[in-house]
Structures are given as structure tokens and as C-alpha cells.
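Q: Each residue of the sequence shown is one higher than the one before, starting from -10 at the first, in this note's numbering. From the three backbone atoms N, C-alpha and C, an ideal C-beta is built for every residue, glycine too.
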Amino acid sequence: MLEVTGLNHRYGSGEATHIAVRDLSFSVAAGELACIVGPSGCGKSTLLRCIAGLIPPSAGSVQLHGDPVNGVPEDLAVVFQDYSRSLFPWLSVARNVEFPLRWRRISKQERAQRAQEALDAVGLSEVGKKFPWQLSGGMQQRVSIARALASRPALLLMDEPFASVDAQTRFELEDLLRRVQREQNSTILLVTHDIDESVYLGDRVLVLSSSPATIVADLPVDLPAERHQIATRESARFVALRGEVARLLQSTPTSPQSDVDTDGPAERADSAKETAH
Ligand code: ADP
-10 MLEVTGLNHR
0 YGSGEATHIA
10 VRDLSFSVAA
20 GELACIVGPS
30 GCGKSTLLRC
40 IAGLIPPSAG
50 SVQLHGDPVN
60 GVPEDLAVVF
70 QDYSRSLFPW
80 LSVARNVEFP
90 LRWRRISKQE
100 RAQRAQEALD
110 AVGLSEVGKK
120 FPWQLSGGMQ
130 QRVSIARALA
140 SRPALLLMDE
150 PFASVDAQTR
160 FELEDLLRRV
170 QREQNSTILL
180 VTHDIDESVY
190 LGDRVLVLSS
200 SPATIVADLP
210 VDLPAERHQI
220 ATRESARFVA
230 LRGEVARLLQ
240 STPTSPQSDV
250 DTDGPAERAD
260 SAKETAH
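1. Which residue's Cα is closest to the Cα of ARG216: LEU208, VAL188 and PRO201?
2. Let me know if TYR72 comes out buried or exposed under the rule of 16 or more other beta-carbons within 10 Å of its beta-carbon.
3. Looking only at its chain, what residues have a beta carbon closer than 6 Å to the beta carbon of PHE151, apart from the 5 residues adjacent to it on each side?
4. Alpha carbon to alpha carbon, what distance is there between LEU80 and GLU21?
5. DSSP state of CYS24, grouped into three classes?
6. Do you know offhand how far SER50's Cα is from GLY(-5)'s?
7. Could you give the DSSP three-state label for ASN85: helix, strand or coil?
8. Buried or exposed for PHE77, going by 16 or more other Cβ atoms inside 10 Å?
9. Is GLU149 helix, strand or coil by DSSP?
10. Between the C-alpha atoms of ARG131 and ALA137, what's the straight-line distance to the nearest angstrom?
11. In angstroms, rounded to a whole number, what distance separates the CA positions of GLU4 and GLN173?
12. Looking at LEU146 and LEU37, is the spacing between their C-beta atoms short of 7 Å?
13. If you follow the beta strand (DSSP E) that SER14 is in, where does it begin and where does it stop?
14. Where THR6 and SER47 are concerned, what is the direct C-alpha to C-alpha distance, given to the nearest angstrom?
15. Tell whether a beta-carbon distance below 7 Å holds between ILE184 and ARG231.
16. Closer than 8 Å by C-beta to ALA258: which residues in its own chain qualify, once you throw out the five before and the five after it? Chain order, please.
17. What number of angstroms, rounded off, separates the C-alpha of ASN85 from the C-alpha of GLN98?
18. Please return the same chain residues whose Cβ sits closer than 6 Å to the Cβ of VAL82, not counting the five positions on each side in sequence.
19. Let me know if GLU63 comes out buried or exposed under the rule of 16 or more other beta-carbons within 10 Å of its beta-carbon.
20. Is the stretch 27 to 34 close to the stretch 208 to 225, with three or more CB pairs under 8 Å?
21. Please check the pair LEU13 and LEU53, which I expect to be a contact at CB under 8 Å, by giving their CB distance rounded to whole angstroms.
22. Among the residues of its own chain, which have a CB less than 8 Å from the CB of VAL154, if the five just before and after it don't count?
23. State yes or no: is the C-beta of VAL180 within less than 7 Å of the C-beta of ILE25?
24. Using a Cβ-Cβ cut-off of 6 Å (strictly less than) and excluding sequence neighbours within five positions of PRO209, which residues of its own chain qualify?
25. The ligand ADP and ALA41: does any heavy atom of the ligand fall closer than 6 Å to the residue's C-beta?
26. Give the DSSP-derived three-state secondary structure of ILE50 in the structure shown.
27. Apart from the five residues just before and just after LEU113, which ones in its own chain have a Cβ nearer than 6 Å to its Cβ?
28. Is there at least one non-hydrogen atom of the ligand ADP closer than 6 Å to the beta-carbon of THR35?
29. Going by the CB atoms, is the gap between ALA202 and GLY27 shorter than 7 Å?
30. Using 8 Å for Cβ pairs, my map puts ALA18 next to SER200. What's the rounded Cβ distance?
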């Protein structure tokens, strides 16, 4: 479904050049939920923005079902961390969910039906007429997910989608995402800095180095498909996998960076420890 080949991205030029992504290649198969985990600032959002066609990479290519991505593909949806800025406060929840469908050749009636189905899928059947600001943060993020699902994307990109909600809501949203992904056989690429979340959610975890981002491991998550927030997280296999990811993150060498990467080994170890929590 997705093929990323030799992707590089640098910001600025000359002495101010910052290499955010370096020579990164991977693919995601249809129906897979792949998580990308890496320390804050390593280049995860830059990578997602390149995949989404929001910024052109400095080098390398992105292909979505064989077609090169030059600009945002029609059958791609993105869910960002900041739900409060991605929903229109003056539109009802249902209208927000329908919004991206306005530019498709879809009748008004079908738009409304798809919006309702997407809201049903995320457990918000009853709130279509409300406004986003009348809902809790977790519900608003569900609306963002519903909006992404309503367009029936070939690929759903998620950039730290649960980082702004409380821990309990985060668990609920993680389970919701896995359920919806399996029901709809969606292809999802989700980035997070949370090791436990990457293992709990993923069929696969791609571990990124610190800046500039490059892939240091591609781990299949061999946990049962049916996951449970307490039992799965207590299982020996989950604990072993999260340990493996944490070790990989702590041991990633920092590639030479032309400018800002002045962290010494101690600071890097600290930031990897933070990530591990
Ligand atoms: P992450 O999502 O992993 O936190 P980002 O992709 O946001 O990381 O950023 C990676 C690096 O690129 C950071 O050092 C950040 O400061 C830098 N960066 C991000 N966006 C820009 C930009 N528009 N201009 C210059 N540097 C940027």
C-alpha cells in the first residue's frame, strides 16, 4: 500500500541546514497497523508530512499503491494530535465529519449517511447535532477519527493522536482504534513517542533513531490480535517487546548533524529514559 524509498528531508540551507530525516525506507501492507516510535524531535512529524504530500521530501520517494505522492492524495486522511485546532467550532459535529466529502462527487444524502456511519463506528451516534466545543477532549478526538474514516481512506496517517488526552481516555481511544481498524480492515500508520502505545497498538513497530530520523529496527508485534489494556500490558511478551523497543531507543547512535545536535551522551540517555516512560 505504502512504499517509502530513500527518504531524506532537510530544513534550511547552508550553515542553518537541519537534517530531519535521513535515508529512510520502509513499506506498509494493506490492512496493517504500523506504529512508528521515536524520541521527541527525531523527525516523526516531518516523515508523516512527507508521506502525506504536505511537504516535498528533499530526496527519495513516497508511493501510495504504486503512484508517486506529489501533493496530498485524495484517498489519504490524517489525524493530528491537536483536535481542538482541527475541528471547525462553528460547524456541528456531523458537518465537521462531512466536511472533506464536500469536494467529492458524493450526493448530500450519501455524505450525511457516511458521516452517521463514521460517528456510529466511533461510538458517537447521538452527538451529530452538537458542536465540537460541547464535547470532551476525548470525544473531539473521536470526531477527528470519524472525519478521517468517513472519507474511506486507503491510508490513514495519525500523528501522536492520543497525546493530548488523559490516560483513561487514551486507553479507550487506543481500543477504539484497534477495533475500527479490524472492522474496516484499514491501513494505518501511526507515530508516537510512547513505547507502550506503539507495542499495544501495532501489528508492527518501526523504531526511529534520534535526529535525524532513520530506522533502527522493524519489529513484528506477535501479540494476540485481541488486546486488553490490563492483561496484554501485564503479559510476558508485551513486557519483553516494550523492553526491546526501549533498549533500541536508548542505544540509537545519533548520526552526525551539521548543526543543532549538541546533546552529549548523558542528555541523550536522559531523553531516551523519558521516552521509555
Ligand atoms: P518529531 O515529530 O519527532 O517531534 P519533527 O519532525 O517535528 O520531530 O522535527 C524534527 C526536527 O526538525 C526538529 O529538530 C525540529 O526542530 C526540526 N524542524 C521541524 N520543522 C521544521 C521547520 N519547519 N524548519 C526548521 N526545522 C524544523
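A: Checking against the coordinates, here is how it stands:
1. For the purposes of this step, residue 216 is identified with residue 227 of the sequence shown, where counting begins at 1. Of LEU208, VAL188 and PRO201, the residue nearest in Cα terms is VAL188.
2. If you number the sequence shown from 1, residue 72 lands on position 83. Classification of TYR72: buried, given that the 10 Å Cβ count is 16 or more.
3. On the sequence shown, position 162 is the one that residue 151 refers to. So the list reads ARG159 and LEU162, once near-sequence residues are dropped.
4. For the purposes of this step, residue 21 is identified with residue 32 of the sequence shown, where counting begins at 1. For the purposes of this step, residue 80 is identified with residue 91 of the sequence shown, where counting begins at 1. When rounded, the distance between both Cα atoms is 33 Å.
5. Looking up residue 24 in the sequence shown gives position 35. DSSP places CYS24 in strand when its eight states are reduced to three.
6. On the sequence shown, residue 50 is found 61 positions in, with the first residue counted as 1. On the sequence shown, residue -5 is found 6 positions in, with the first residue counted as 1. Approximately 7 Å, taken between the alpha carbons.
7. Taking the sequence shown and counting its residues from 1, one reaches residue 85 at position 96. The answer is helix: DSSP assigns ASN85 an H, G or I state.
8. Stepping through the sequence shown from its first residue, residue 77 is reached at position 88. Classification of PHE77: exposed, given that the 10 Å Cβ count is below 16.
9. On the sequence shown, residue 149 is found 160 positions in, with the first residue counted as 1. Correct three-state label for GLU149: coil.
10. Within the sequence shown, residue 131 is the residue found at index 142, counting from 1. Within the sequence shown, residue 137 is the residue found at index 148, counting from 1. Spanning the two alpha carbons is a distance of roughly 10 Å.
11. Taking the sequence shown and counting its residues from 1, the one referred to as residue 4 is at position 15. Taking the sequence shown and counting its residues from 1, the one referred to as residue 173 is at position 184. Spanning the two alpha carbons is a distance of roughly 47 Å.
12. Taking the sequence shown and counting its residues from 1, one reaches residue 37 at position 48. Taking the sequence shown and counting its residues from 1, one reaches residue 146 at position 157. Yes, Cβ-Cβ distance for LEU37 and LEU146 is below 7 Å.
13. Counting from 1 along the sequence shown, the entry for residue 14 is found at position 25. Per DSSP, SER14 belongs to the beta strand (DSSP E) from 7 to 17.
14. If you number the sequence shown from 1, residue 6 lands on position 17. If you number the sequence shown from 1, residue 47 lands on position 58. Near 12 Å, if we compare the C-alpha coordinates of SER47 and THR6.
15. Taking the sequence shown and counting its residues from 1, the one referred to as residue 184 is at position 195. Taking the sequence shown and counting its residues from 1, the one referred to as residue 231 is at position 242. Yes. Within cutoff.
16. Here residue 258 is taken as the residue at index 269 of the sequence shown, counted from 1. Since pLDDT at ALA258 reaches only 39, below the 50 mark, its modelled position is unreliable, and no value is offered.
17. Against the sequence shown, residue 85 aligns to sequence position 96. Against the sequence shown, residue 98 aligns to sequence position 109. Cα to Cα, ASN85 sits roughly 15 Å from GLN98.
18. For this step, residue 82 is matched to residue 93 along the sequence shown. VAL116, GLY117, LYS119 and VAL132, listed in sequence order.
19. Stepping through the sequence shown from its first residue, residue 63 is reached at position 74. Exposed: under 16 other Cβ atoms inside 10 Å.
20. no
21. What you label residue 13 is simply residue 24 of the sequence shown in a count that begins at 1. What you label residue 53 is simply residue 64 of the sequence shown in a count that begins at 1. Distance from LEU13 to LEU53 at the Cβ level is roughly 16 Å; contact not present, criterion being Cβ atoms closer than 8 Å.
22. Residue mapping note: residue 154 aligns to position 165 of the sequence shown, counting from 1. These residues qualify, in order along the chain: GLY126, GLY127, GLN130 and LEU162.
23. For the purposes of this step, residue 180 is taken as residue 191 along the sequence shown, with counting starting at 1. For the purposes of this step, residue 25 is taken as residue 36 along the sequence shown, with counting starting at 1. Yes, these two residues count as a Cβ contact at 7 Å.
24. Here the question's residue 209 lines up with position 220 in the sequence shown. Correct list, in chain order: ARG193.
25. Start at 1 with the first residue of the sequence shown, and residue 41 comes out as number 52. Answer for ALA41: no, Cβ out of range of the ligand ADP.
26. The sequence position of residue 50 within the sequence shown is 61, counting from 1. According to the sequence provided, residue 50 is Ser. The question's Ile does not apply to it. If DSSP states are grouped into helix, strand and coil, SER50 belongs with the strands.
27. As a working mapping, residue 113 is identified with position 124 in the sequence shown. If we look at LEU113 and ignore the five residues flanking it on each side, its Cβ neighbours are ARG131.
28. In the sequence shown, counting from the first residue as 1, residue 35 sits at position 46. At least one heavy atom of the ligand ADP is nearer than 6 Å to the Cβ of THR35, so yes.
29. Here residue 27 is taken as the residue at index 38 of the sequence shown, counted from 1. Here residue 202 is taken as the residue at index 213 of the sequence shown, counted from 1. Yes, Cβ-Cβ distance for GLY27 and ALA202 is below 7 Å.
30. The count along the sequence shown starts at 1 and reaches residue 18 at position 29. The count along the sequence shown starts at 1 and reaches residue 200 at position 211. Contact doesn't hold; Cβ gap of about 28 Å is too wide.
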